[in-house]
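Q:
2 protein chains.
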Amino acid sequence: MKPKKTSLSDIAKQVGVSTALVSYVMSGKEKEGRVGLEVAQKIRDVASELNYQPNLLAKSLRDGRTHTIGLIIADISNPFFANIAREVEDESRKNGYTVIIGSSDENADKAWDLMNVLVNRQVDGFIIVSAEGSEKLVLHLQAIKMPFVLLDRHFPQFETDFVVTDNAKASYDACSHLIESGYRRIGFVAYRSRMFHISERIRGYREALINSQITPKVDWLKEVRFEATEIEIRTAINELVRGESPIDAVIFSTYGLAVNGLKYINELRLRVPDDLGIVSFGQAEVFDLYYCPISFMRQPIDVLGKNAVDLLMERLQNPGGVRQHITIDARLVARESSRKKHKME
Amino acid sequence: MKPKKTSLSDIAKQVGVSTALVSYVMSGKEKEGRVGLEVAQKIRDVASELNYQPNLLAKSLRDGRTHTIGLIIADISNPFFANIAREVEDESRKNGYTVIIGSSDENADKAWDLMNVLVNRQVDGFIIVSAEGSEKLVLHLQAIKMPFVLLDRHFPQFETDFVVTDNAKASYDACSHLIESGYRRIGFVAYRSRMFHISERIRGYREALINSQITPKVDWLKEVRFEATEIEIRTAINELVRGESPIDAVIFSTYGLAVNGLKYINELRLRVPDDLGIVSFGQAEVFDLYYCPISFMRQPIDVLGKNAVDLLMERLQNPGGVRQHITIDARLVARESSRKKHKME
DNA sequence: TCTATTCGCTTAATCGTTTAAGCAGATTTA
DNA sequence: TAAATCTGCTTAAACGATTAAGCGAATAGA
Chain A
0 MKPKKTSLSD IAKQVGVSTA LVSYVMSGKE KEGRVGLEVA QKIRDVASEL
50 NYQPNLLAKS LRDGRTHTIG LIIADISNPF FANIAREVED ESRKNGYTVI
100 IGSSDENADK AWDLMNVLVN RQVDGFIIVS AEGSEKLVLH LQAIKMPFVL
150 LDRHFPQFET DFVVTDNAKA SYDACSHLIE SGYRRIGFVA YRSRMFHISE
200 RIRGYREALI NSQITPKVDW LKEVRFEATE IEIRTAINEL VRGESPIDAV
250 IFSTYGLAVN GLKYINELRL RVPDDLGIVS FGQAEVFDLY YCPISFMRQP
300 IDVLGKNAVD LLMERLQNPG GVRQHITIDA RLVARESSRK KHKME
Chain B
0 MKPKKTSLSD IAKQVGVSTA LVSYVMSGKE KEGRVGLEVA QKIRDVASEL
50 NYQPNLLAKS LRDGRTHTIG LIIADISNPF FANIAREVED ESRKNGYTVI
100 IGSSDENADK AWDLMNVLVN RQVDGFIIVS AEGSEKLVLH LQAIKMPFVL
150 LDRHFPQFET DFVVTDNAKA SYDACSHLIE SGYRRIGFVA YRSRMFHISE
200 RIRGYREALI NSQITPKVDW LKEVRFEATE IEIRTAINEL VRGESPIDAV
250 IFSTYGLAVN GLKYINELRL RVPDDLGIVS FGQAEVFDLY YCPISFMRQP
300 IDVLGKNAVD LLMERLQNPG GVRQHITIDA RLVARESSRK KHKME
């Protein structure tokens with residue numbers, strides 16, 4: 000039925016030598032294997048004649064490395080993660096590694112299951128964008144001494160390798176920028192979460208306000224549950240723009256929040272930035288093409304992805320080395336959605 | 000250093016039996032293996048005590064199936080493909096399969112290399128969104144009897160399994176819709192390509208015009224090279240709106256073309272749909288949030304993805320079975336960008 | 001009581017590779 | 001000239017799991 004693939008021993012048989020010789024030749028170790036010149040050539044000829052392709056499974060089983068890494072992200076259909084995946088894929092291939100991607104949907108149980116599947120498939124290491132509640136996963140990877148790098152989000156209580164953006168600073172910059180542009184009552188929409196990167200973003204936002212002698216009102220901070228984004232973001236925005244202290248600008252702390260938020264803002268026929276200034280996290284074509292291009296904090300996804308892979312490669316070489324913490328700055332891309340307010344207000 | 004994972008023989012040693020017994024128990028074949036009750040229990044106890052996890056590499060090497068499928072797409076950072084990837088991933092996992100994704104960048108050589116890597120990793124089958132010039136790849140997979148399903152694009156000259164949208168019909172519907180809305184001079188922007196799905200889209204567009212007694216002008220069809228989208232789309236649109244027979248509506252045959260086209264249309268300060276009606280292929284948040292929501296042909300990505308996986312699963316079961324061709328209709332989602340023209344024009 | 005059958009287990013081959021160890025024969029060294 | 005080294009190759013174990021075949025001992029059948 001299926002034509003059996005040619006193996007080392009097929010070549011060996013045809014040439015009339017042992018598989019050992021063939022192996023040496025095929026893996027470029029003719030010197031070490033002390034293979035004769037004519038025999039080596041004969042082996043190469045037969046190999047290409049039979050179109051020999053090595054079985055990576057056998058190789059991996061033998062030497063305990065699969066040259067495969069597992070990438071666990073929230074959702075590959077989210078452009079932020081899709082771009083990360085792309086970077087990780089490219090950078091890994093450059094290093095001779097294949098990537099297996101899995102989406103956790105921000106669900107720690109799913110992430111745990113995924114991790115187990117990938118561990119059983121003997122990946123050499125992981126790059127992980129953690130879901131909330133993934134402490135167990137991190138501890139388990141440490142326990143089994145599986146190399147891994149946390150990306151975009153990390154747990155300050157654990158000593159791990161990680162590559163993240165400076166979220167507090169990014170938020171601080173976003174908020175300061177709005178203040179400089181003349182906005183004073185600035186809302187902040189985040190996912191309801193106890194994750195560090197979220198609280199860092201909130202902290203940065205608060206500090207920027209305080210630093211400008213603006214007292215952050217509790218009502219300005221809205222936390223939306225990830226599982227019910229579409230519904231809860233409507234409530235949140237309603238309260239923000241129609242509450243006791245209505246806002247004149249808002250920061251979306253995430254791409255998904257921005258998209259859903261903007262949809263509702265359109266429905267309400269609020270004009271950006273006249274009715275509402277906006278700065279968002281995340282990035283995507285949406286922000287360019289919106290009638291009023293959206294200002295956003297650009298996270299250098301390419302740098303994040305590349306650093307994560309490089310760091311993991313380093314860790315694979317040297318599992319015992321000191322853990323590295325890489326923090327990368329986000330850069331404000333100012334657009335129309337946060338342009339200067341007219342003073343006449 | 001790294002704590003060696005527990006293997007069957009570790010358990011066997013500790014219980015004092017052969018690995019065969021342990022294997023029977025761990026794979027739920029106690030009956031077949033005729034394993035004693037107490038011994039079976041002892042094995043289970045020790046297994047969970049040592050936290051035994053099977054080595055899927057060894058299993059795969061032994062029985063020739065990896066329960067892995069390769070997914071080759073153009074670019075994971077393109078939302079259309081990202082969504083496909085997501086569907087394929089989910090549906091595969093339901094079937095106990097893991098997916099390895101690779102991006103070809105619409106480049107046949109890259110696709111070929113990717114295919115080889117995945118073949119060497121012993122994937123059980125492929126789902127492929129072909130790049131132009133991938134005939135060699137398809138023929139090779141057939142030659143080595145590797146099961147595969149073509150997704151979204153296929154080669155009519157080869158007898159393969161495939162799952163595609165009815166592109167001619169989709170294009171026909173898109174164009175007819177514009178005509179019904181009062182547009183008469185309709186442009187069509189496509190990638191320069193000899194791929195079947197592209198020419199089908201062009202064919203459907205032409206037929207719709209002819210069917211309405213409109214003679215399609217050659218100048219209305221613009222083909223841009225994938226590698227130079229950003230530059231060439233500007234020329235294309237310039238010529239379309241400022242040429243001898245300027246258009247009043249345009250169809251973008253692809254998500255990427257739409258995004259780049261819309262950016263330039265914004266720059267030109269053309270108003271949609273008053274200056275230019277629009278219908279696009281592809282789908283994404285952009286289309287919802289554009290100041291004038293974009294009409295588009297909705298390709299049911301979930302159905303495409305699910306069908307591709309299911310078809311591949313079937314083919315894995317029955318490699319010899321008759322090839323299946325699944326064609327799925329796209330549905331027009333009419334929005335503001337193609338709303339009825341005022342008669343006064 | 002003698003032969004079949006069942007039970008509970010072990011042995012060993014297999015998947016495709018890698019690589020340390022060993023073995024003749026030829027060549028060099030002292 | 002005897003010992004040491006080099007050359008070109010083979011043998012065989014190992015990675016971790018699966019599973020057909022086989023082997024005593026106990027049980028059943030007649």
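For the record, the sequence lines run as chains A and B.
Using numbering that gives the first Met the number 0, the letters of the first sequence map in sequence onto residues 0 to 344.
Using numbering that gives the first Met the number 0, the letters of the second sequence map in sequence onto residues 0 to 344.
We treat Cβ as the ideally placed atom computed from N, Cα and C, and that holds for glycine.
1) Can you give me the C-alpha to C-alpha distance between Ser244(B) and Glu131(B), rounded to a whole angstrom?
2) Grouping DSSP H, G and I as helix and E and B as strand, with all else coil, what is Glu344(B)?
3) Could you give the first and the last residue of the continuous beta strand (DSSP E) run that contains Met194(B)?
4) Helix, strand or coil for Met145(A) per DSSP?
5) Does the beta-carbon of Gly319(A) have 16 or more other beta-carbons within 10 angstroms, so that it is buried, or is it exposed?
6) Would you kindly check if the distance between the Cβ of Leu150(B) and the Cβ of Thr159(B) is under 8 angstroms?
7) Do the region 94-111 of chain B and the region 94-105 of chain A meet, that is, are 3 or more Cβ pairs less than 8 angstroms apart?
8) Tell me, please, whether the CB atom of Thr164(A) is closer than 8 angstroms to any CB atom in chain B?
9) Between the Cα of Gln156(A) and the Cα atoms of His196(A), Asn115(A) and Leu70(A), which residue gives the shortest distance?
10) In or out: Glu88(B) buried (at least 16 other Cβ within 10 Å) or exposed?
11) Compute the Euclidean distance between the alpha carbons of Ser336(A) and Gln323(A), then round it to the nearest angstrom.
12) What does Pro53(B) reach in chain A if we use C-beta pairs closer than 9 angstroms?
13) Is Glu31(A) buried or exposed, if buried means 16 or more other CB atoms sit within 10 Å of its CB?
14) Name the chain B residues whose beta carbon is nearer than 8 angstroms to that of Arg85(A)?
15) The alpha helix (DSSP H) that contains Glu179(A), what's its start and end?
16) Leaving out five residues before and five after Phe280(A) in sequence, what residues of the same chain have Cβ atoms less than 6 angstroms from its Cβ?
17) Mind listing the chain B neighbours of Ile277(A)? Cutoff is C-beta to C-beta under 9 angstroms, in chain order.
18) Using a 10 Å radius around the Cβ and a threshold of 16 neighbouring Cβ atoms, would you call Leu138(B) buried or exposed?
19) Taking C-alpha atoms, which residue in Gln40(A), Arg200(A) and Phe161(A) lies nearest to Asp172(A)?
20) Provide the residue span of the alpha helix (DSSP H) that contains Glu222(A), from first to last.
21) For Leu349(A) and Ala84(A), what's the separation of their Cα atoms in angstroms?
22) Does the region 48-65 of chain A touch the region 262-272 of chain B, meaning 3 or more C-beta pairs lie closer than 8 angstroms?
23) Alpha carbon to alpha carbon, what distance is there between Ala107(A) and Gly348(B)?
24) What residues are listed by DSSP as bridge partners for Gly101(B)?
25) Can you name, in chain order, every residue of its own chain whose Cβ lies under 7 angstroms from the Cβ of Lys12(A), other than the five neighbours on each side?
26) Starting from the C-beta of Ala81(B), find all residues in its chain whose C-beta is less than 8 angstroms away, skip the five residues before and the five after it, and write them out in chain order.
27) For the region 277-292 of chain B, which residues have a CB atom closer than 8 angstroms to at least one CB atom of chain A, in sequence order?
28) Do we get a CB-CB distance below 8 angstroms when we pair Pro215(B) with the residues of chain A?
29) Given that a residue counts as buried once 16 or more other Cβ atoms are within 10 Å of its Cβ, and exposed if not, what is Gln316(A)?
30) Throw me the rounded Cβ distance for the Lys340(B) and Gly124(B) pair, which I believe falls under 8 angstroms.
31) With DSSP run on the structure shown, which of helix, strand or coil describes Tyr23(A)?
32) Within 8 angstroms, do at least three Cβ pairs link the region 47-57 of chain A to the region 112-123 of chain B?
33) Is the shortest distance between the beta-carbon of Ala46(A) and the beta-carbons of chain B less than 8 angstroms?
34) Just verifying my parser: in three-state terms, what is the DSSP assignment at His324(A)?
35) Taking 7 angstroms as the limit between beta carbons, can you name the residues of its chain near Arg338(A), skipping five residues before and five after?
36) Considering only the beta carbon of each residue, do His153(A) and Phe161(A) sit closer than 8 angstroms?
A: Reading off the structure:
1) Roughly 31 angstroms separates the two Cα atoms.
2) Legend: pLDDT at Glu344(B) = 43, less than 50; position of this residue unreliable, value from coordinates given subsequently. In this structure, Glu344(B) counts as coil in the three-state DSSP scheme.
3) Neither: Met194(B) is in no beta strand (DSSP E) and is coded neither H nor E.
4) DSSP places Met145(A) in coil when its eight states are reduced to three.
5) Taking every protein chain shown into account, the CB of Gly319(A) has fewer than 16 other CB atoms within 10 angstroms, so this residue is exposed.
6) Not closer than 8 angstroms, so no.
7) With contact defined as three or more Cβ pairs closer than 8 angstroms, the region 94-111 of chain B and the region 94-105 of chain A are in contact.
8) Residue-level contact by beta carbon fails for Thr164(A) and chain B, as no gap is shorter than 8 angstroms.
9) Measuring from the Cα of Gln156(A), the nearest candidate turns out to be His196(A).
10) Looking at its Cβ environment, which holds 16 or more other Cβ atoms inside 10 Å, Glu88(B) is buried.
11) In this model, Ser336(A) and Gln323(A) are separated by some 37 angstroms (Cα to Cα).
12) Neighbours of Pro53(B) on chain A, chain order: Asn119.
13) With fewer than 16 other Cβ atoms inside 10 Å of its own Cβ, Glu31(A) counts as exposed.
14) Here the neighbours are Asp74, Ile75, Ser76 and Ser102.
15) Residues Asn166 to Glu179.
16) So the list reads Ser252, Thr253 and Met296, once near-sequence residues are dropped.
17) The CB of Ile277(A) never comes closer than 9 angstroms to any CB in chain B; the least such distance is about 12 angstroms.
18) That one is exposed.
19) Measuring from the Cα of Asp172(A), the nearest candidate turns out to be Arg200(A).
20) In the DSSP assignment, Glu222(A) falls outside any alpha helix (DSSP H) and lies within the beta strand (DSSP E) extending over Leu220 to Val223.
21) With chain A covering 0 to 344 only, the question about residue 349(A) has no answer from this structure.
22) They do not touch, by the three-pair rule.
23) Here chain B covers residues 0 to 344 and nothing more, so residue 348(B) does not appear.
24) Partner(s): Ile71(B).
25) Closer than 7 angstroms at Cβ, skipping near neighbours: no residue.
26) Ile75.
27) Residues passing the 8 angstroms Cβ filter: Ala283, Glu284, Val285, Asp287, Leu288, Tyr289 and Tyr290.
28) Residue-level contact by beta carbon fails for Pro215(B) and chain A, as no gap is shorter than 8 angstroms.
29) Result: exposed.
30) Between Lys340(B) and Gly124(B) a beta carbon distance of about 49 angstroms is seen, past the 8 angstroms cut, so the two are scored as non-contacting.
31) Reduced to three states, the DSSP call for Tyr23(A) is helix.
32) Yes, they touch.
33) Interface criterion not met: the Cβ of Ala46(A) is under 8 angstroms from no Cβ in chain B.
34) In the three-state DSSP reduction, His324(A) falls in the strand class (E or B).
35) Ser180 and Pro272, listed in sequence order.
36) The beta carbons of His153(A) and Phe161(A) sit closer together than 8 angstroms.
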